[in-house]
Amino acid sequence: MNRERLYEICLAQPEAVEEHPFGPDLTVFKVAQKVFVIATAHEDLTMNLKCDPEVAETLRGTYDSVRAMSVWPKHWNWVDISAGEVADTELEHWVEDSYDLVVDKLPKVHKLRLQGEVRGIDLGSTA
């Protein structure tokens, strides 16, 4: 998977936004001000993403290119995409799962908005 495709997948998630709060070398993808993917802007493409703890352990045991993120190792994985070990379809699924895990923890009004049931609520102000 290349950087453009990764960004496309991240931004295809409802209400997803791209930010660079740590400078140009890291791209952060958020929903309702909550991070679901952090991607590098280096030649070697890597990303950090949220994962169910049990699934995270399984993935780390299955792929050499998947490790625990140094910060929040229980819930976040670091993935070396440029290693080419993980299929694009799997990576896409992991991004979607990360997004879903973040959305599941949002206040109800934000979840309803993302499901199209509530209109006119500013997701930029989190409760």
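Heads up, the sequence shown is in the working numbering, so the first residue is 7 and it goes up one at a time.
Ideal Cβ positions, reconstructed from N, Cα and C, are used throughout, including at glycine.
- Of the candidates Asp94, Glu63 and Gly90, the residue whose Cα lies closest to the Cα of Asn83 is Glu63.
- The count of Cβ pairs closer than 8 Å, one atom from the segment 33-47 and one from the segment 103-112, reaches three, so the stretches are in contact.
- Counting C-beta atoms within 10 angstroms of its own C-beta, Lys114 has fewer than 16 neighbours from the protein chains shown and is therefore classed as exposed.
- Note that the C-beta distance between Ser71 and Val61 is not below 8 Å.
- The beta-carbon separation of Leu55 and Ser104, rounded to 4 Å, stays under the 8 Å limit for a contact.
- Ala22 is not a Cβ neighbour of Leu32, given a cutoff of 8 Å.
- Counting along the chain, Val108 sits inside no beta strand (DSSP E); it lies in the alpha helix (DSSP H) bounded by residues Asp94 to Asp110.
- Judged by DSSP secondary structure, Ile15 falls within the alpha helix (DSSP H) whose first and last residues are Arg9 to Leu17.
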